[in-house]
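If you're matching positions, the sequence shown starts at 1398 in the working numbering and goes up one per residue.
All residues carry an ideal CB built from backbone N, CA and C; glycine is no exception.
Please read all numbers here as calculations on a predicted model, not as lab measurements.
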Amino acid sequence: MSDTRELLDFIRQIVADDRAAGKTGGRVHTRFPPEPNGYLHIGHAKSICLNFGVAQQFGGLCNLRFDDTNPVTEDMEYVESIKKDVRWLGFDWDDREFYASDYFERLYEFAEHLIRTGHAYVDSLTPDEIREHRGTLTEAGRESPFRNRTPEESLDLFRRMRAGEFPDGAHVLRAKIDMASPNIYMRDPTLYRIRKASHYRRGDAWCIYPMYDYAHPLSDAIEGITHSLCTLEFEDHRPLYDWLVRHAPVPSEPRQIEFARLNISYTVMSKRKLLELVTGGFVNGWDDPRMPTLSGMRRRGYTPEAIRDFAERIGVAKRENLVDVALLEHAVREHLNKVAPRVMAVLKPVKLVLENYRDGQVEDMDVVNNPEDPSAGTRKVPFSRELYIEADDFMEDPPKKFFRLAPGREVRLRNAYFVTCTGVVKDPATGAVTELRCTYDPATRGGNAPDGRKVKATLHWVSAAHALDAEVRLYDRLFTSENPGAGDRDFKDEINPASLEMVAGCKAEPSLAGAAAGNRYQFERLGYFCVDPDSSGGRLVFNKTVGLRDTWAKVKDKA
Ligand code: ATP
Ligand code: MG
């Protein structure tokens, strides 16, 4: 391992060092611990890639553990979506699917142990009083008058809390640590609270629920986790993590290591905010292709390979930063460039008629499926007298820098012929261009002129008689500001009103007939597109995944 040391991020270095020092017998065991109260997002992907990646790299294991200790927000729908997303990302937890809610009995026993050993007590202050006693960053807390209850008395009350004798808020169980600690999390933190609510897995079996800060370290210890990787906001909780692992009779002593969470520009990443976008109808569900959720990205056409590559590029560090969303798009584009077959589709069509092409004639043009991947082979694309091209690719009165089709000008139709525009047909009422008249040069079949003459533009096209109708959904960033909701702004005020454009009446080449949902393509000259699950029975719907132009290189140069 020594020769690869400098290639290790700081977490992998710690793990390598612990392993070399024989800690935990050289074992490496991590976990990915989502709370099933929302869908996974790209930030979670960073954590998944890290936890599963570290385990893989060191020949260890990674558990999937649902940290489901809060009865009011959790749901089976989220559990199912999380499992699907982790698998889709390419990771496997084998049979190690665990639930903190399955540990409620053991966690309860640990709590009784802490009470008996004088490390926890039942406090009967009101929630407001507890808050007042906690002190501030600059001021020590004050001890509760109930702090010196005997273990017997606390045990009796704790059992009666569990038995449902008291209403919500009447008592809590607290760790007995130090009300004067400079670390607020060590000022006798609450371990259990009364919450008369049904749990999505445990039903009404419990009316006291462990706090996250209590359940998490002890669940790690129960599972024999060696390295518990979490985001930076838990750094101040680490003394409590260690204290609990030391004082509860647990079978192992995991080590918590914190890393910076992923933040991406023009994106929100808190589950609370994402839930608000869904319930407020700002997007069409958790898997809306504009969402930073893994299900949204999947629907958008992002590949798991690209997301894993992105996670590797951003790396793992100890300092918070804002990653440019262009880097994620760059990773997606780079992967799709390798794997996505090329096809032709016209989003905003105008008809083009070849006056010198025999009516009824059809030629099957041989077209390469992916120049980046010779094994992808070729296909036949029909060419005929009436075609569609992009309305944007023609201008009647072009400015200097417009090199595409214009009256009298010759351009190449990709994989087909050179054509020259000879006339324009307009709607007499509106003046809109309804048809372009052209001639083609039969000597240029395949797209090259034997006399070596050049054209300045190559256009994509679709044969009108063979075209499939399609709908295309174009996306822009969901937010107009780089850091939505920063300061005290409401992130919802910064939603981009033009983040979705639905384009109907698109025309696609016939090879796309029956394309399955999830299939990804490069539409020549337009970008990458993915078949949406809304497609069915002849209806074809595409999501634009990402454009062809890479803005990442520009961003990098600026930096
Ligand atoms: P949120 O703040 O959005 O509610 P969370 O951290 O509460 O997210 P969890 O379900 O608890 O969501 O997260 C599971 C794991 O994923 C945790 O270990 C958490 O640290 C990690 N994680 C969550 N968000 C990010 C992020 N943006 N970057 C890296 N890791 C993250
Ligand atoms: Mg959390």
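Where does residue i fall in DSSP's three states?
{"i": "Lys-1670", "result": "helix"}
{"i": "Lys-1480", "result": "helix"}
{"i": "His-1516", "result": "coil"}
{"i": "Gln-1758", "result": "coil"}
{"i": "Leu-1810", "result": "strand"}
{"i": "Pro-1779", "result": "strand"}
{"i": "Gly-1693", "result": "helix"}
{"i": "Ile-1892", "result": "strand"}
{"i": "Leu-1584", "result": "Leu is not the amino acid found at residue 1584; the sequence shown has Arg there. Coil."}
{"i": "Lys-1443", "result": "helix"}
{"i": "Glu-1702", "result": "helix"}
{"i": "Val-1740", "result": "strand"}
{"i": "His-1596", "result": "strand"}
{"i": "Ile-1622", "result": "coil"}
{"i": "Ala-1567", "result": "coil"}
{"i": "Pro-1825", "result": "coil"}
{"i": "Ser-1498", "result": "helix"}
Which same chain residues, not among the five before or five after residue i, have their C-beta less than 6 Å away from its C-beta?
{"i": "Ala-1703", "result": "Ala-1728, Val-1729 and His-1732"}
{"i": "Asp-1763", "result": "Thr-1775"}
{"i": "Ile-1605", "result": "Met-1558, Arg-1559, Tyr-1589 and Ile-1591"}
{"i": "Lys-1443", "result": "Leu-1659 and Ala-1708"}
{"i": "Thr-1551", "result": "Just to set this straight, residue 1551 is Ser in the shown sequence, not Thr. Around Ser-1551: Ile-1512, Tyr-1518 and Val-1519."}
{"i": "Arg-1635", "result": "Gln-1653"}
{"i": "Ser-1662", "result": "Leu-1719, Asp-1721, Val-1722 and Glu-1879"}
{"i": "Thr-1421", "result": "Thr-1623"}
Residue i: buried (16+ other C-beta within 10 angstroms of its C-beta) or exposed?
{"i": "Phe-1800", "result": "exposed"}
{"i": "Met-1688", "result": "buried"}
{"i": "Asp-1789", "result": "exposed"}
{"i": "Ala-1418", "result": "exposed"}
{"i": "Ser-1595", "result": "exposed"}
{"i": "Glu-1630", "result": "exposed"}
{"i": "Glu-1793", "result": "exposed"}
{"i": "Arg-1402", "result": "Any answer about Arg-1402 is weak, because its pLDDT of 47 lies below 50 and its placement is not dependable; what the coordinates show is given next. Per the 10 Å Cβ criterion, exposed."}
{"i": "Val-1713", "result": "buried"}
{"i": "Leu-1534", "result": "exposed"}
{"i": "Thr-1957", "result": "Residue coverage of the chain in this structure runs from 1398 to 1956, which leaves residue 1957 outside it and unanswerable."}
{"i": "Asn-1545", "result": "exposed"}
{"i": "Ser-1616", "result": "buried"}
{"i": "Phe-1482", "result": "Reading off the sequence shown, one finds Asp at residue 1482, where the question assumed Phe. Flag for Asp-1482 reads buried."}
{"i": "Asp-1824", "result": "exposed"}
{"i": "Thr-1547", "result": "exposed"}
{"i": "Ala-1864", "result": "buried"}
{"i": "Leu-1626", "result": "buried"}
{"i": "Ser-1399", "result": "Because Ser-1399 carries a pLDDT of 44, less than 50, the predicted location of this residue cannot be relied on, and no value is offered for it."}
{"i": "Leu-1486", "result": "buried"}
{"i": "Ala-1867", "result": "buried"}
Is it true that the CB of residue j sits closer than 8 Å to the CB of residue i?
{"i": "Ile-1574", "j": "Trp-1640", "result": "yes"}
{"i": "Ala-1914", "j": "Val-1900", "result": "no"}
{"i": "Gly-1757", "j": "Arg-1809", "result": "no"}
{"i": "Arg-1697", "j": "Asn-1940", "result": "yes"}
{"i": "Pro-1586", "j": "Asp-1565", "result": "no"}
{"i": "Phe-1780", "j": "Ile-1408", "result": "no"}
{"i": "Tyr-1475", "j": "Asn-1434", "result": "yes"}
{"i": "Glu-1752", "j": "Thr-1836", "result": "yes"}
{"i": "Val-1965", "j": "Glu-1832", "result": "This structure cannot speak to residue 1965, because the chain is shown only from 1398 to 1956."}
{"i": "His-1624", "j": "Asp-1464", "result": "no"}
{"i": "Val-1869", "j": "Leu-1749", "result": "no"}
{"i": "Ser-1498", "j": "Arg-1559", "result": "no"}
{"i": "Thr-1855", "j": "Arg-1811", "result": "yes"}
{"i": "Ala-1737", "j": "Cys-1903", "result": "no"}
{"i": "Val-1830", "j": "Phe-1791", "result": "yes"}
Using C-beta distances below 7 Å, list every residue in its chain close to residue i, excluding the 5 sequence neighbours before and after it, in chain order.
{"i": "Glu-1458", "result": "Reading off the sequence shown, one finds Leu at residue 1458, where the question assumed Glu. Excluding sequence neighbours, Leu-1458 sits near His-1426, Ala-1452 and Arg-1493."}
{"i": "Asn-1734", "result": "Glu-1769"}
{"i": "Ala-1862", "result": "Ser-1781 and Glu-1783"}
{"i": "Gly-1944", "result": "Gly-1924"}
{"i": "Ser-1649", "result": "Ala-1618 and Gly-1621"}
{"i": "Ala-1672", "result": "As written in the sequence, residue 1672 is Leu, which differs from the Ala given in the question. So the list reads Gly-1435, once near-sequence residues are dropped."}
{"i": "Asp-1633", "result": "Asn-1580 and Tyr-1582"}
{"i": "Pro-1524", "result": "Gly-1566"}
{"i": "His-1568", "result": "Val-1519, Asp-1520, Ser-1521, Leu-1554, Met-1558 and Ile-1591"}
{"i": "Ser-1578", "result": "Arg-1584"}
{"i": "Phe-1488", "result": "Ile-1445 and Phe-1449"}
Between which residues of its own chain and residue i is the CB-CB distance below 8 Å, once the five residues before and five after are set aside?
{"i": "Val-1740", "result": "Ala-1905, Glu-1906, Ser-1908, Leu-1909, Tyr-1918, Gln-1919, Phe-1920 and Glu-1921"}
{"i": "Ser-1478", "result": "Tyr-1436, Leu-1437, Trp-1683 and Ser-1692"}
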